[in-house]
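Residue numbers (our numbering), protein chains in the order written: chain A, 8 to 156; chain B, 57 to 140.
Structure below.
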């Protein structure tokens, strides 16, 4: 078994304003272990239309410290509850234009089944417990988004 | 002194992003809310209507959670993904 404790929080959990490269992040997690047989990726991007309104741009606010702590809890629980080798979670904050990247979750495993299940669980949990807020600037004014399926 | 922080829509509703409360000793969150209410009379209705969570030192807290000098209390409106 690959030891799951290896790696620091900052290595696999990041909240940042700047954009990220999906390819670079994928290569990084791929180097984690030769045992990896599949990587499931969830990439959340900024859409230009929501609830009948055109969106010009989005601003993400977060609670520094608590947000990283929650993302790390999600990573640790995924490593514990699913048969996966590594989990990486990266979320952007600040101003994000439509079409840009917002969030990236990578789950690497020996086999695909648990990687898919863990990845879906991670994004659901991220939206449920992580103190990150989204404000959409629409053609009809600002909207703080509180619910998305 | 306890630092109180407000996030997202609460900053706009309350027209502030933080405040400070001086405690003479440990108090429950409920007592702290009474103190905040004396400065922000609408705080309880804003919390209730906005389904706001409260964190003490970055952990979700309840009415009976004890708050002490130096703690940070944060008012957290529903997150971007919503509360399922």
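For each residue, glycine too, the CB sits at the ideal point set by N, CA and C.
- Not a single CB atom of chain A sits nearer than 8 Å to the CB of residue 117/B.
- Neighbourhood of residue 130/B in chain A, by CB distance below 9 Å: 70, 73, 138, in chain order.
- Contacts between residue 76/A and chain B, judged by CB atoms closer than 7 Å, involve 114 in chain order.
- Residues of chain A with a Cβ closer than 8 Å to the Cβ of residue 63/B are, in chain order, 68, 70, 138, 140.
- Every alpha helix (DSSP H) of 4 residues or more that sits fully in the segment 90-143 of chain A is shown, in chain order, as 119-136.
- If you check the CB distance, residue 68/A and residue 140/A come in under 8 Å.
- The three-state secondary structure of residue 107/B, taken from DSSP, is coil.
- Look at residue 118/B here: in three-state DSSP terms it is coil, with no helix or strand label.
- With fewer than 16 neighbouring CB atoms inside 10 Å of its own CB, residue 118/A falls in the exposed class.
- Per DSSP, residue 81/A is one residue of the alpha helix (DSSP H) stretching across 73-88.
- Separation of residue 116/A and residue 109/A (C-alpha to C-alpha, rounded to the nearest whole angstrom) is 23 Å.
- Here residue 121/A is buried, its C-beta having at least 16 other C-beta atoms within 10 Å.
- Residue pairing of residue 61/A in beta bridges, as defined by DSSP: 56/A.
- Following the DSSP letters along the chain, one finds residue 128/B inside the beta strand (DSSP E) bounded by residues 128-132.
- Listed in chain order, the non-local C-beta contacts of residue 43/A below 8 Å within the same chain comprise 36, 37, 92, 93, 115, 116, 117, local neighbours out to five positions each way being set aside.
- Excluding sequence positions up to five before and after residue 117/B, its CB lies within less than 7 Å of the CB of 85, 110, 111, all in the same chain and listed in chain order.
- Beta-bridge pairing by DSSP links residue 74/B to 61/B.
- Note that the segment 77-97 of chain B touches the segment 123-139 of chain B; at least 3 beta-carbon pairs, one per stretch, sit closer than 8 Å.
- Spanning the alpha carbons of residue 48/A and residue 74/B requires a straight line of approximately 38 Å.
- Taking a contact as a CB-CB distance under 8 Å, the pair residue 134/B and residue 153/A counts as one, their CB atoms being some 4 Å apart.
- For residue 68/B, the closest alpha carbon among the candidates 113/B, 99/B, 87/B is that of 99/B.
- Here DSSP, grouped into helix, strand and coil, assigns residue 66/A to strand.
- In the structure shown, residue 100/B falls within a helical segment according to DSSP collapsed to helix, strand and coil.
- Proximity to residue 20/A across 58/A, 57/A, 80/A peaks at 80/A, based on C-alpha coordinates.
- Residue 71/A counts as exposed, since fewer than 16 other C-beta atoms from the protein chains shown sit within 10 angstroms of its C-beta.
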